Amino acid sequence: MEKMPKWADVVLIPLISLILAAAISALVILGIGEDPIEAVKLMVQGALGSSNGWGYTLYYATNFMFTGLAVAVAFHASLFNIGGEGQAMLGGLGVALVCLFIPWPHWSIALIAASGAAALFGAAWALIPAYLQVRRGSHVVITTIMFNFIAFSLLNYVLVNQLRPPRAMDPASAKFPEATHLPSLHDILGTVGIEFSKHAPANISLLIAIAACVGVWALIWRTRFGFELRAFGKSESGARYAGISPFKITIVTMLISGGLAGMMAINNVMGESERLVLNAVEGAGFIGIAVSLMGRNHPFGVFLAAILFGFLYQGGAELALWTNIPRELIVVIQALVILFTGALDNMVRMPLERIFLALNTKKEG
Amino acid sequence: MTSAPAIELKGISKAFGPVQANKDISISVQPGTIHGIIGENGAGKSTLMSILYGFYKADAGEIYIKGQKAHITDSQAAIAAGIGMVFQHFKLVENFTVLENIVLGAEDGALLRPSLRKARKELRHLADEYELNVDPDTLIENLSVGHQQRVEILKALYRKADILILDEPTGVLTPAEADQLFRILDRLREEGKTIILITHKLREIMDTTDTVSVMRRGQMTATVKTAETDPEQLAELMVGRKVLLQVEKAPAQPAQTILEVENLSVTDDKGVERLKNVSLNIRAGEILGIAGVAGNGQSELMEVLGGMISGQGTVRLNGDALDLTGKHSDGRSRRARGIAHVPEDRQSEGLIMDFHAWENVAFGYHHDAKYQKNALFMDNAALRADTQAKMDKFDVRPPLPWLAAKNFSGGNQQKIVVAREIERNPDLLLIGQPTRGVDIGAIEFIHKQIIELRDQGKAILLVSVELDEIMSLSDRIAVMFDGEIMGERLPQDTNAQELGLLMAGVTASEGAA
């Protein structure tokens, strides 16, 4: 028998973990002499209280959906891809090259090409660690994180020496041409008569990210490849027995994972900054790990967790703007969320299981 | 009662989360006796012994040793209380000598030499007293499994153990080695030691113990004097219903040759030759049993035929050669050729424990056309219907396709694997340890299925470390030792002693000499 109902596992445990994280965050805020209730109000107001706030929350959430999915896919194959950061950087390079050097007649075609390039560049960046793992036995946890640094240096070199417009002072590419600018949520919702903030960066990439969630779900639970991927992830010796090639699964999974992380660039590079800057990814690759962890590696969970982290990001920025609570505190809150939902999972799970068991035996007895 | 029991448990209970592993268990073992504890896998035997040895803390209950209440908080306390444990998987340092292993953890001081000198003297004394002869200066890795086990026993005795617990001690031994072990145990009993023998083998219980306790589902169902019981009664107590211990089968009707193996060799990653020029053949309607002590190449034989590892040599199925290396030597290619494979380790190979039963029914066959909805997606509904049908036919309990494999008992897990493989209507079935960790009731069922498949004219290669199983199921028996086939026998013309010698690598001529 299952120890407790599924809804408790996927809803109740993350919820309780979240409440615990919030409670401790409140204590920390109290500790630095601020009012936690006021802080929560500010965060909610700033992130969800206006269409502008929502626009930022959803923009961040879009990034986290891509990077979260990247981690989740790999996780099901028991591969821990923590190179989302570097893969997203490379994805940005792909987007920049496509947008800068090919004249596009319309944003829609440009978006398709840029998505392809972003995925391709991200996937290529994940391919090398994948190959090193299956053929040379170098663990992807080690190699993918090292590749983040290589990606940063590579991007720095390309931006400073190749893509930087003459006489520009910062390591960034030129502005992308007008034809590659993506419609924002303001434009999209405007067509159906809904008012949405003009300045918020959320754009059509959000819809692609949602489609990616559905796609990843179907891939993992509905296709033969997904079946093999999950079987391999659960038991490598079992996969060998069933005739599933570890080489194929590792390589293809890492390509998909890297591709998803790379796709993030259509949101932040093409949709928001409309040029390639050095720190475009801003840690979203790492937050993807937390998002995937909190979302139980399920695409729907990733979707929800991405919105939560989008809220924390945007709300945190608001906090820093309007109170004496430093920007860093939001990192503390995020860390607490990760700590409680990921690392301390059993702390909540064990007592809950006992409660459910007691309830069940009472019902039966 | 004349003397205080050597060990007495009163009302021991232990739960792991929702699982009640031990429930209100009480036993009392008289000094100078061998007490058997028998029960199926998961009955709670190992948990009980782990409590006794201080690995787990009981939720409730008390332990008395020689009439004194004992608080066994860790293994050090257990040792201090005079309890020694011989684990199923030995806890020896392979590249240390016997002497060093015995002293390890029981050194007298910072300097090793005095401890070693003392141990050497003590060891000689123990060897004389109990006929436990082992060269103290041999490295563990150079000892046979039987001798390694002796070192474990010596370790316990060196630590002044009066109560010895042996957990499934014969699982890795040849019949001859097992006989030697039981002689040693007899000797220890004569010297006044108390022995607790945990096993699932009825024969060992009947042969060696004075009293026996039967466990079922975490509870102690009975404690009886061995002399006053019989295997049928014990089996019934273990399972909870009457079981058939003998396999019923008609004589084989072998037809054309299905599998031909010629000079098959397998070399592992470390360059060790695990399978050496093995040749055998199996005909349709015939069961070839491979007897042998675990680790003598049987696993490699199964794995290379099942496409899990590569090898050199020639293997023909229905007259056509099988690839032994490269792209078409994997499990999927083997299945396509009509080879079904029930692997020796169902938990890590045959099943994905976290997968639902219906996913496991597709496992290995997930490319089958009948499981596909279209080019892109699998037809999960068809798969679940198929699973339901198989579960009903093979009496898998509970018959719920949505249940994860790990939530079935060992026997029902094995039924899922057997159902999946047999229902493919294969030409050749490779079946390894078909009843390891399987409850007696399911053993009966699985054996019947294997015989039925044979009677349908299929070739079956059976690997098992249970000699009884090999002898009762096989139509021919090949014995493996150190990667080689030592000889082939017909079950009606041989006996456990002869097979046991072959399993130990002694050929007929040597044996006679």
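From first to last, the protein sequence lines are chains X and U.
Heads up: the first sequence begins at 1 in the working numbering, then just goes up one per residue.
Heads up: the second sequence begins at 1001 in the working numbering, then just goes up one per residue.
Glycine residues also receive a C-beta, built at the ideal position from the N, C-alpha and C atoms.
Values in this document were obtained by computation on a predicted structure and should not be read as measured data.
My output table needs one value for residue i: the three-state DSSP class, helix, strand or coil.
{"i": "T67/X", "result": "helix"}
{"i": "E1152/U", "result": "helix"}
{"i": "S197/X", "result": "coil"}
{"i": "I1290/U", "result": "strand"}
{"i": "N1263/U", "result": "strand"}
{"i": "I1025/U", "result": "strand"}
{"i": "R1216/U", "result": "strand"}
{"i": "Q1433/U", "result": "coil"}
{"i": "G365/X", "result": "Here the model assigns G365/X a pLDDT of 45, short of 50, so the residue's position is not dependable, and the following value carries that caveat. In this structure, G365/X counts as coil in the three-state DSSP scheme."}
{"i": "S1409/U", "result": "coil"}
{"i": "V1438/U", "result": "coil"}
{"i": "S1333/U", "result": "helix"}
{"i": "Y1064/U", "result": "strand"}
{"i": "L1376/U", "result": "coil"}
{"i": "D1210/U", "result": "coil"}
{"i": "V1342/U", "result": "strand"}
{"i": "D345/X", "result": "helix"}
{"i": "E1514/U", "result": "Since the first residue shown for chain U is 1001 and the last is 1513, residue 1514/U is missing from the structure and cannot be characterised."}
{"i": "H1328/U", "result": "helix"}
{"i": "I244/X", "result": "coil"}
{"i": "L339/X", "result": "helix"}
Tell me which residue opens and which closes the beta strand (DSSP E) that residue i is part of.
{"i": "E1008/U", "result": "I1007 to F1016"}
{"i": "H181/X", "result": "Counting along the chain, H181/X falls outside any beta strand (DSSP E), and DSSP gives it neither H nor E."}
{"i": "D1167/U", "result": "I1163 to D1167"}
{"i": "A1070/U", "result": "Q1068 to A1070"}
{"i": "H1314/U", "result": "Residue identity check: residue 1314/U is Thr in the sequence provided, not His. Counting along the chain, the beta strand (DSSP E) containing T1314/U begins and ends at Q1312 to L1317."}
{"i": "T1194/U", "result": "T1194 to T1199"}
{"i": "S1279/U", "result": "E1273 to R1283"}
{"i": "L1462/U", "result": "A1459 to V1463"}
{"i": "V1086/U", "result": "I1083 to V1086"}
{"i": "I208/X", "result": "Looking at the DSSP string, I208/X is not in any beta strand (DSSP E); the run it does join, the alpha helix (DSSP H), is S205 to R222."}
Residues in its own chain within less than 6 Å of residue i by CB, not counting five upstream and five downstream?
{"i": "D1475/U", "result": "A1252, E1286 and I1287"}
{"i": "T57/X", "result": "A47, G310, F311 and Q314"}
{"i": "L1430/U", "result": "M1302, L1305, G1306, H1341 and L1461"}
{"i": "K1023/U", "result": "S1013, G1218 and Q1219"}
{"i": "I1007/U", "result": "V1029, I1065 and I1163"}
{"i": "Q45/X", "result": "none"}
{"i": "A1512/U", "result": "Model confidence at A1512/U stands at a pLDDT of 44, short of 50, so the residue's coordinates are unreliable; what they give is reported in the following sentence. No residues qualify anywhere along the chain."}
Need the endpoints of the alpha helix (DSSP H) that residue i sits in, please.
{"i": "Y157/X", "result": "V140 to V158"}
{"i": "H1125/U", "result": "L1112 to Y1130"}
{"i": "A119/X", "result": "W107 to Y131"}
{"i": "E1190/U", "result": "P1175 to E1190"}
{"i": "F1363/U", "result": "Premise fails: F1363/U is in no alpha helix (DSSP H) and is neither H nor E."}
Can you give me the Cβ contacts of residue i inside the same chain, cut-off strictly under 8 Å, excluding the 5 residues immediately before and after it?
{"i": "A1077/U", "result": "G1054, A1070 and H1071"}
{"i": "L97/X", "result": "A117"}
{"i": "R354/X", "result": "none"}
{"i": "T1174/U", "result": "G1146, V1293, G1500, M1503 and A1504"}
{"i": "A1419/U", "result": "V1361, K1390, M1391, K1393, F1394 and V1396"}
{"i": "L1099/U", "result": "L1116, A1119, R1120, L1123, P1136 and D1137"}
{"i": "L1453/U", "result": "I1422, L1429 and I1460"}
{"i": "I330/X", "result": "L312, Y313, G315, G316, A317, L319 and A320"}
Give the residues of chain U in contact with residue i, contact being defined as C-beta atoms less than 7 Å apart.
{"i": "K248/X", "result": "Chain U residues near K248/X: none, gap ~11 Å exceeds 7 Å."}
{"i": "S292/X", "result": "Going along chain U, no residue has its Cβ under 7 Å from S292/X, so there is no contact; the nearest lies around 18 Å."}
{"i": "F75/X", "result": "Those within 7 Å of F75/X in chain U number zero; the least Cβ separation is about 13 Å."}
{"i": "G288/X", "result": "Under the 7 Å cutoff, chain U gives no residues; its nearest Cβ is about 23 Å from G288/X."}
For residue i, return the contacting residues in chain X, with the cut-off set at a CB-CB distance below 8 Å.
{"i": "F1355/U", "result": "R230, A231 and K234"}
{"i": "M1378/U", "result": "R222, T223, R224 and F227"}
Whose Cβ in chain U lies nearer than 8 Å to the Cβ of residue i?
{"i": "G243/X", "result": "G1307, D1330, G1331, R1332, S1333, R1334, R1335 and G1364"}
{"i": "G238/X", "result": "S1348, E1349, G1350, L1351, I1352 and F1363"}
Spatial neighbours of residue i within its chain, please: C-beta separation below 7 Å, excluding the five flanking residues on both sides.
{"i": "S1298/U", "result": "What sits at residue 1298/U in the sequence shown is Gln, not Ser. If we look at Q1298/U and ignore the five residues flanking it on each side, its Cβ neighbours are I1290, G1292, V1463 and M1480."}
{"i": "M1/X", "result": "No answer about M1/X holds up, because its pLDDT of 43 lies below 50 and its placement is not dependable."}
Practice item. Name, going along the chain, the residues of the region 1339-1368 of chain U whose beta-carbon falls closer than 9 Å to a beta-carbon of chain X. Key: H1341, P1343, D1345, Q1347, S1348, E1349, G1350, L1351, I1352, M1353, D1354, F1355, E1359, A1362, F1363, G1364, Y1365, H1366 and H1367
Point to revise | Against chain U: residues of the region 204-223 of chain X by CB proximity under 9 Å | key: A218, W221, R222 and T223
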